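In this note's numbering, the protein residues as written are 703 to 1448.
Beta carbons are placed, not taken as given, at the ideal position from N, Cα and C, and that holds for glycine.
Note that the structure is predicted; figures quoted are calculated from it, not measured.
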Amino acid sequence: MFFCIVVLISFNGWAQLSKDGNVSNIAQLLKDMTIEEKVGQMTQINLDVICEGEIYKLVEPHHIQQSKLDEAIVKWHVGSVLNCGGHAYPVDQWHQIIRSIERTVQEKSRTKIPVLYGIDAIHGANYVMGSTLFPQQLAQAATFHPALIQQVAGITALETRAVGIPWNFSPVLDVGRNPAWSRFFETYGEDPYVCSVMGRGAIEGYQGENATKIDDQHVAACMKHFLGYSGARTGKDRTPAYLSDIQLREIYMPSFQAAIDAGAMTVMINSGEINGIPVHANPKILVDLLRNEMHFNGMAVTDWEDVIKLVKVHHVAVDLKEAVYQAVMAGIDMCMVPNDYDFTRLLIELVKEGRITEQRLDQSVARILQLKMSVSKISDATAVGLNDKIGCEEHIKVAQQVVAESVTLLQNKDNILPLKKEAKIMVTGPAAHSLILMNGAWSRTWQGVDTTWEDHSKMTIVEGLRSIGGKNVAYRKGCELNSYKKDEKWLKSLQKMDVIIACVGELPSTEKPGDIDDLSLERAQIKFVNDLIKTGKPVVLVLLENRPRLIEPIADQCAAIIMAYQPGDNAGEVLAKILYGEINPSGKLPFTYPRFNQSLLTYDHKHSEALDQKFGENAYQPQWPFGFGLSYSQLVYKNLKVSRSSNATEQPTWTVSVEVENKSDRPALETVILYLHDQVASVTPSVRKVKRFEKKMVPAKGVVVYEFVLGTDDLSFIGRSVKPEIEGGVWDVYVGDLKAQIEYQP
Ligand code: BGC
């Protein structure tokens, strides 16, 4: 009898809670839950665990094995499932998976608390067959168009929600400070302000207007990976970072703070270590910083196997039980275990032994329940009826706009570009006819290298060029990614051509498989391009890469160079339109393109780093600087003006204006970037820092005024107190080649 009453109360508990959304009812529900049920909510398992077959070797076509699902839901009370079983699924298959889980919860779980499904939909709903693939985040940043990034995230949310998944492990808010990092392409580039603005756009796009309630067209976002993941000293994935408190706040925190302020609901923890302490075991980062200083109230999930890694990789815990203790006490809410129930079992033991209190569990479970409450239709996730939106024409157009606005023209000697339609073109190189190289990692599969999943209705670069240039476009691969055999006869035959387009790059990869020992472009490809250059014909280099691979030995001899990033499989035609001049390129580098392996400076380096061997300040000699990007139009910046607000009783503001004149007959989209340089400060100032940017259309032969308003906050920096400080002085204002000044005494 007693048992029946409990069943009734608990069942009503969730039903009532999800209906009226009354947060105070969470406390009541927690009272009705057992320790096992609470720990289950904190457990996230990989889809493989509940599918037929072995983990990582599932039976095709992947499907749920009911006995395994029962074990997860009934025995372990699992609160969350993630991932696909190794490759993307069509919408129906996703629906079957999600419905099986929902049905099992409804029919067999005591609490009936829905399972929260999470996925990496990081450049579109990349694990849904037929979904719209957008350019990767780095390319998205090159648009300098946050409203467009918001639209991308909105579409990704819609296409993810269409299959019944309401939680997305995106965006990456790690600032790309080391170009060698295997996840560089997943970042919004090297600047904290750009990452903040773009990240905010993504959060708003994923979660929608209402930051407290996710409607059925949106998903809960997950900021990742908190904190300092991208700051690894060697640039190799998940290796140690050594970061000062000032650096953390100046460089790595702003993008997360902006996302928290925009209402980001969840966060994923950095798998690495900072100053010798794994972040998953560090309450200073997970509680003092994230909760107390940054006021994050949402839910914190570990990254993949990161509790296990406290034992196996980091060696800070003697066994798994100790690792579970450390991570839970450090402040994680949910553990992406993800391939067994050891975390669950050991955490139950720790609570029963009294080492971890039930109150500690309640803290995390309350956050998890709050999140589940905030996601509408979570118990009926496949009923949203958005199937026909997946990969629809309207979405593809947005993807193409992102390509058009991100592709960055880095060099264009003698205006070799745009190409003439009648020009005879040889398109060559390992990236010329490859959809996987266009897509990059996280495309239908994790590493994105399996060609089985390519969508052959999409155009490669060659196909795109042929759609405009027709028979004038010839193709030959000419070279593999890392091997090249010279073919003298073919090289000689290139004399018949007017232009050679060499598409080079690297095999998609991410995380550990993407570690490299040398940032240079593979030697085979360098040799190949050198041979093309020796033909004397103009070579247009097109780069498709995970990160800026060094091309110093060939760059100067190329006639034109285009950074295509990893533009996704909707890019073939757009790239061709850019090359033929139907689209005027407007992307700008959101990072510094380095020239040499030992000079990986970011644009906001310190003055001492700029000192060269002759004691001049010229050591920053990248291949191309941050913010660089050419247009087919001739654009001139002029009349930089700064005016200070006159109201003496209020904090001053400064209005900075600049005119951009388009001297050509082609309209141009132009991003203007405003930098400040603090001339003297008690913590060594950077040579410059981005404070604002804006992209506008400058009509042919027209002049457009860009206006930015700066406040005293823009003059602050993280001082010796490890807090924002403002000191009086003089700031240089840089816009293009123009310079002005601001003076201020607090
Ligand atoms: C990655 C995360 C990702 C997670 C789930 C991890 O290996 O670091 O970025 O969200 O896997 O797929």
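- From the listed residues 1368, 1314, 1222 and 1172, the smallest Cα separation to residue 1278 is found for 1172.
- Under DSSP, residue 1272 forms no beta bridge with any residue.
- Counting only runs of 4 or more residues that sit fully inside the segment 1012 to 1040, the alpha helix (DSSP H) segments are 1022 to 1032, in chain order.
- By the C-beta criterion, the segment 858 to 872 is judged not to be in contact with the segment 1299 to 1313, since fewer than 3 inter-stretch pairs fall below 8 Å.
- Under the rule that a run must span 3 or more residues, the beta strand (DSSP E) segments found entirely inside the segment 891 to 964 read 922 to 928.
- Cβ contact annotation for residue 1255 (same chain, cutoff 8 Å, sequence separation greater than five): 1228 and 1232, in chain order.
- Residue 1171 sits in a helix when the DSSP states are folded into three classes.
- The shortest C-alpha to C-alpha distance from residue 1410 to any of 1378, 1386 and 1258 is the one to 1378.
- A Cβ-Cβ distance of about 4 Å is found for the pair residue 852 and residue 903, placing them in contact under the 8 Å criterion.
- Shortest gap from the CB of residue 778 to any heavy atom of the ligand BGC: 6 Å or more.
- In this structure, residue 1240 places its C-beta atom within 7 Å of the C-beta atom of residue 1261.
- Put simply, the backbone Cα of residue 976 is about 12 Å away from that of residue 949.
- The count of Cβ pairs closer than 8 Å, one atom from the segment 1367 to 1382 and one from the segment 1396 to 1414, reaches three, so the stretches are in contact.
- If you look at residue 1130, you'll find it isn't in any alpha helix (DSSP H); it sits in the beta strand (DSSP E) that goes 1127 to 1130.
- In this structure, DSSP gives residue 810 a helical state, which the three-state scheme calls helix.
- For residue 1396, the enclosing beta strand (DSSP E) covers residues 1391 to 1400.
- Excluding residues up to 5 positions away in sequence, 1308, 1309 and 1310 lie with their Cβ nearer than 8 Å to the Cβ of residue 1386 in the same chain.
- Distance from the C-beta of residue 871 to the nearest heavy atom of the ligand BGC is below 6 Å.
- Counting only unbroken stretches of 4 or more residues, the alpha helix (DSSP H) elements lying wholly within the segment 1055 to 1121 are 1060 to 1076 and 1095 to 1108, in sequence order.
- For residue 1346, the enclosing beta strand (DSSP E) covers residues 1337 to 1346.
- For a cut-off of 8 Å, the C-beta gap from residue 783 to residue 803 is around 6 Å, short enough to register as a contact.
- The closest heavy atom of the ligand BGC lies 6 Å or more from the beta carbon of residue 883.
- Just measuring C-alpha positions, the residue of 1018, 1123 and 815 sitting nearest residue 734 is 815.
- Residue 1005 sits buried, since 16 or more C-beta atoms from the chains shown fall within 10 Å of its C-beta.
- By the beta-carbon neighbour count (other beta carbons within 10 angstroms, threshold 16), residue 1017 is exposed.
- When Cβ pairs closer than 8 Å are counted between the two stretches, the segment 837 to 845 is seen not to touch the segment 1113 to 1129, the count staying below three.
- Excluding sequence positions up to five before and after residue 1275, its CB lies within less than 7 Å of the CB of 1161, 1166 and 1169, all in the same chain and listed in chain order.
- Residue side-chain check: residue 1006 places its Cβ nearer than 6 Å to a non-hydrogen atom of the ligand BGC.
- In the structure shown, the three-state DSSP call for residue 1143 is coil.
- Taking 6 Å as the cut-off, one finds at least one heavy atom of the ligand BGC near enough to the beta carbon of residue 822.
- Comparing C-alpha distances from residue 1313 to each of 1388, 1251 and 1271 shows the shortest one belongs to 1388.
- The three-state secondary structure of residue 872, taken from DSSP, is coil.
- About 11 Å separates the beta carbon of residue 775 from that of residue 745, a gap too long to meet the 8 Å contact definition.
- Residue environment: residue 1131 is assigned as buried (16 or more neighbouring CB atoms within 10 Å of its CB, all protein chains considered).
- Between the alpha carbons of residue 752 and residue 969 lies a gap of roughly 25 Å.
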